[in-house]
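Colleague: Sequential numbering of the sequence shown, starting at 26, is according to this note's numbering. Ideal Cβ positions, reconstructed from N, Cα and C, are used throughout, including at glycine. Just so we're clear, the structure is a prediction, and the values are computed from it rather than from any experiment.
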Amino acid sequence: MFSKFTVNLLKLSLEFKQIAFYSTTRIPCRPRSNVNRENVKKSNDKEWKLEIASECDKDKILRFMKKGFLREDPLIKTLIPGKKPKKLNNLLRESLDHKLSVVAKKTSDDSIIGVAINEKSCKLCAARLNKMASHTNNCDLKKLLLTWSFIASAPKVYEKLCRDDIFNIAYLWVDKAYWGRSIGLDMIKKSFDFARCRNFQYAKMNCTNDNTRKLVEELKFTKLWSASYKEIFLRNFFTKPITLPPQPHCNASIYYVDLKKLKKY
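#1: State yes or no: is the C-beta of Arg141 within less than 7 Å of the C-beta of Ile194?
#2: List the DSSP bridge partners of Ala152.
#3: Nearest to Leu197 by alpha carbon, out of Lys215, Lys288, Glu80, Leu166?
#4: Where does Ala220 fall in DSSP's three states?
#5: Select from Asp200, Val128, Met230, Lys71 the residue whose C-alpha is nearest the C-alpha of Glu80.
#6: Comparing alpha-carbon positions, which option in Lys181, Lys92, Lys111 lies nearest Tyr281?
#7: What residue from Thr132, Lys112, Ser251, Met90 has the CA that sits closest to Lys71's CA?
#8: Is the beta carbon of Cys147 closer than 7 Å to that of Ala177?
#9: According to DSSP, simplified to helix, strand and coil, what is Phe192?
#10: In three-state terms, what does DSSP make of Ala78?
#11: Find out if the Cβ-Cβ distance for the pair Phe246, Phe192 is shorter than 7 Å.
#12: DSSP has Glu144 in a bridge; who is on the other side?
#13: Roughly how far, in whole angstroms, is the beta-carbon of Leu284 from the beta-carbon of Lys185, given that I think they are within contact range, below 8 Å?
#14: Taking DSSP as the reference, what is the three-state secondary structure of Leu249?
#15: Tell me the residue span of the beta strand (DSSP E) that contains Asn276.
#16: Which partner residues of Lys229 appear in the DSSP bridge assignment?
#17: For Lys112, tell me which candidate among Gly209, Asn163, Lys83 has the shortest Cα-Cα distance.
#18: What residue does the beta strand (DSSP E) around Asn177 start on, and which one ends it?
#19: Check Lys185 in the structure and name its three-state DSSP category.
#20: What residue does the beta strand (DSSP E) around Lys71 start on, and which one ends it?
#21: Once you ignore the five residues that flank Leu154 on each side, which residues in its own chain have a CB closer than 8 Å to its CB?
#22: Could you check which residue in Asn114, Asp122, Asp190, Ile279 has the C-alpha nearest to that of Met90?
#23: Which class does Ile257 belong to by DSSP, given the choice of helix, strand or coil?
#24: So what's Gly209 in DSSP terms, helix, strand or just coil?
#25: By DSSP, does Ile86 sit in helix, in strand, or in coil?
#26: Please check the pair His123 and Glu144, which I expect to be a contact at CB under 8 Å, by giving their CB distance rounded to whole angstroms.
#27: What would DSSP say about Lys91, mapped onto helix, strand or coil?
#28: Would you mind sorting Trp204 into buried or exposed? The rule is 16 or more other CB atoms within 10 Å of its CB.
#29: Tell me, which residues are paired with Gly139 by DSSP?
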């Protein structure tokens, strides 16, 4: 028969072995997720970034717009099917001089993949375009400038908003390889935030093709005016037969937004 001391000693020995067993036994873990963390990191890191365009960007932007916008914009392609006049490049440069533009760049090498050329717009802009048209001997360029001038003056936007300083998204273009990735939309939003910092109350965009119209409607701009190119051409300066931009780019329109009422992006 064991003594009470011996029994207690046996109990302690058994408890110690039990503790040792649990400490060396692998506790089951929660099953691992199938998500590849490296892939998540890559998908969250954008391939591109947005910046306020600097003076150093100007020549690169002009080359980018010459290669893309001036060749591919539906209205420009229709009215100036051949070589694009240097005056168009000069127009872009003048707008860039306002120092309000936004550029999208690839994060890997800083190459430009999108541009929103913005400017301070006033009611004299239409008259300036009209004057440029009267001083050119290039018939195709004259048609384009008169079209832009008519669109800029048609809705009396400055009288309606009681302002003579409106932030204008004048020219918007994204490299075709990056279409469908919301770069145009993000450049407009970045432009809005910058416009607010510069104390603009209103922003507007003259939509000369269906792509830009869809963007501003997605952002809930208010439409001020719209007309078909057939109506614009016939009313102003064209004789039949008329060559129109291809579907669905058959209308011009003007949209605006009150920046003070717009949420910050």
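Modeller: Walking through what the data contain:
#1: It should be noted that the sequence gives Ala, not Arg, for residue 141. Result yes, Cβ atoms of Ala141 and Ile194 sit closer than 7 Å.
#2: DSSP, once it has assigned bridges, lists no residue as partnering Ala152.
#3: Lys215
#4: helix
#5: The shortest C-alpha separation from Glu80 is found at Val128.
#6: Per the Cα distances, Lys181.
#7: Thr132
#8: No. Outside cutoff.
#9: Of the three classes helix, strand and coil, the one that applies to Phe192 here is strand, per DSSP.
#10: Coil at Ala78, not helix or strand.
#11: no
#12: Asn193
#13: Leu284 to Lys185, Cβ: 16 Å. No contact.
#14: strand
#15: 276–283
#16: Asn193, Tyr281
#17: Asn163
#18: Checking the displayed sequence, the identity of residue 177 turns out to be Ala instead of Asn. Ala177 -> not in any beta strand (DSSP E); alpha helix (DSSP H) instead, spanning 164–178.
#19: When DSSP states are grouped into helix, strand and coil, Lys185 belongs to the helix group.
#20: Taken as a continuous stretch (DSSP letters only), Lys71 belongs to no beta strand (DSSP E), as it is neither H nor E.
#21: Leu170, Leu171, Trp173, Ser174, Ala177
#22: That would be Asn114, whose Cα lies nearest to the Cα of Met90.
#23: In the three-state DSSP reduction, Ile257 falls in the helix class (H, G or I).
#24: helix
#25: helix
#26: 4 Å
#27: In this structure, Lys91 counts as helix in the three-state DSSP scheme.
#28: exposed
#29: Ala129, Val199
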